[in-house]
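In our numbering, the protein residues as written are 84 to 394.
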């Protein structure tokens with residue numbers, strides 16, 4: 084128990100230091116602070132950047148809000164709130180065992196908006212964060228101005244396949260490895276994310292970013308290992324968003340998809356955009372780490388979409 088507490092403290096300090104260096108690298112003025120939620124009752128953290136139209140961002144699974152750093156300079160005129168998902172990064176550990184995930188996703192996003200004092204906001208999510216955003220847009224469209232999903236939203240849509248590095252973390256092997264393996268180095272984290280997002284997604288990012296994400300992976304491992312998302316690489320169908328649910332969502336939704344996304348090809352995004360009453364698909368070159376490879380183009384797509392809604 085003492086060792087676990089010590090390791091969390093060490094990785095938390097490592098994450099904060101590497102995050103500060105990462106934001107400095109990208110010229111981002113950011114303020115990080117705890118965020119206490121009521122439903123589910125947990126403590127996470129929010130990184131505040133910029134001012135203007137409120138926009139809440141949710142990162143991918145097992146990572147942390149630092150992952151957005153390359154994109155932030157290309158989202159001007161917005162008050163950005165980068166929130167760590169339950170059990171991830173600098174959020175408190177979270178036991179996902181026995182949790183109804185769809186209800187949890189909706190409650191979490193709603194509680195984040197409450198804690199931030201936002202009645203309505205635009206949402207941006209990547210991978211698992213996109214899944215959270217999509218679930219909330221379907222369940223509570225009255226609180227969502229618009230939703231933008233950057234890359235395939237994890238396993239949210241039928242036909243998704245979990246990449247091997249992600250699938251391992253949600254198996255007994257992942258739980259065993261997480262308990263005995265040392266925290267991943269920046270170099271190891273770079274290689275892991277390249278296996279998921281493609282080599283291009285990590286080529287230009289600084290080591291500090293991957294040092295922060297490696298610390299986040301170490302901090303997130305116990306919580307993520309408790310997620311029962313798939314049978315090896317095949318997601319459990321009951322966790323996925325149905326065609327009927329997509330068809331009832333009145334929120335404007337942009338799907339920004341990488342042409343070489345390894346989780347799911349752009350055809351899945353086209354299927355979802357066709358079902359969503361106000362859905363739109365934009366395909367960019369790149370993979371599951373799309374905003375790493377083309378931050379400016381990704382930012383322009385998001386800014387153009389959200390500006391149209393703001394107007």
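We put the CB at the ideal spot given by N, CA and C, even for glycine.
Would you kindly work out how many angstroms separate the C-alpha atoms of residue i and residue j, rounded to a whole number?
i	j	result
residue 214	residue 143	9 Å
residue 356	residue 362	4 Å
residue 185	residue 324	9 Å
residue 210	residue 199	23 Å
residue 239	residue 133	30 Å
residue 181	residue 106	37 Å
residue 344	residue 354	15 Å
residue 291	residue 271	13 Å
residue 365	residue 216	18 Å
residue 373	residue 140	15 Å
residue 222	residue 90	38 Å
residue 379	residue 327	34 Å
residue 88	residue 306	15 Å
residue 283	residue 390	29 Å
residue 201	residue 226	9 Å
residue 322	residue 189	13 Å
residue 266	residue 392	42 Å
residue 376	residue 288	9 Å
residue 234	residue 243	12 Å
residue 260	residue 308	Only weak support is given to the placement of residue 260: the predicted model assigns it a pLDDT of 49, under 50, and the value that follows is read from those uncertain coordinates. The alpha-carbon atoms of residue 260 and residue 308 are separated by roughly 10 Å.
residue 163	residue 154	11 Å
residue 179	residue 194	17 Å
residue 119	residue 156	27 Å
Within 10 angstroms of the Cβ of residue i, are there 16 or more other Cβ atoms? Answer buried if so, exposed if not.
i	result
residue 183	exposed
residue 384	buried
residue 263	Bear in mind that the predicted position of residue 263 carries a pLDDT of just 47, short of 50, making it unreliable; the figure below should be weighed with that in mind. The residue in question, residue 263, is exposed, as its Cβ has fewer than 16 Cβ neighbours within 10 Å.
residue 218	buried
residue 286	exposed
residue 275	buried
residue 160	exposed
residue 352	buried
residue 319	exposed
residue 268	exposed
residue 317	exposed
residue 237	buried
residue 86	exposed
residue 121	exposed
Considering only C-alpha positions, which residue in the set the options is nearest to residue i?
i	options	result
residue 96	316, 385 and 297	297
residue 167	111, 371 and 115	115
residue 347	280, 360 and 309	280
residue 187	340, 372 and 123	123
residue 177	330, 381, 310 and 350	310
residue 128	136, 104 and 99	99
residue 165	138, 317 and 156	138
residue 369	339, 330 and 392	339
residue 246	314, 189 and 190	314
residue 278	196, 371, 342 and 360	371
residue 381	350, 341 and 358	341
Taking the DSSP output, what are the residues bridged to residue i?
i	result
residue 119	126
residue 163	132 and 138
residue 318	313
residue 230	206 and 336
residue 364	338
CB of residue i to nearest heavy atom of the ligand COA: below 7 Å?
i	result
residue 237	No copy of the ligand COA appears in this structure; indeed no ligand is present at all.
> At a cut of 8 Å, does the segment 291-305 reach the segment 172-189 through at least three beta carbon pairs?
Replying inline: Because the criterion of three Cβ pairs below 8 Å is met, the segment 291-305 and the segment 172-189 touch.
> Should the segment 146-164 be called in touch with the segment 285-297, which here means at least 3 C-beta pairs below 8 Å?
Replying inline: Yes, they touch.
> Do three or more CB pairs link the segment 204-213 to the segment 111-128 at distances below 8 Å?
Replying inline: Contact between the segment 204-213 and the segment 111-128 is absent, because fewer than three Cβ pairs lie under 8 Å.
> Within the chosen definition, does the segment 324-344 reach the segment 228-240 through at least 3 CB pairs nearer than 8 Å?
Replying inline: Judged by Cβ distances under 8 Å, the segment 324-344 makes contact with the segment 228-240, as three or more pairs qualify.
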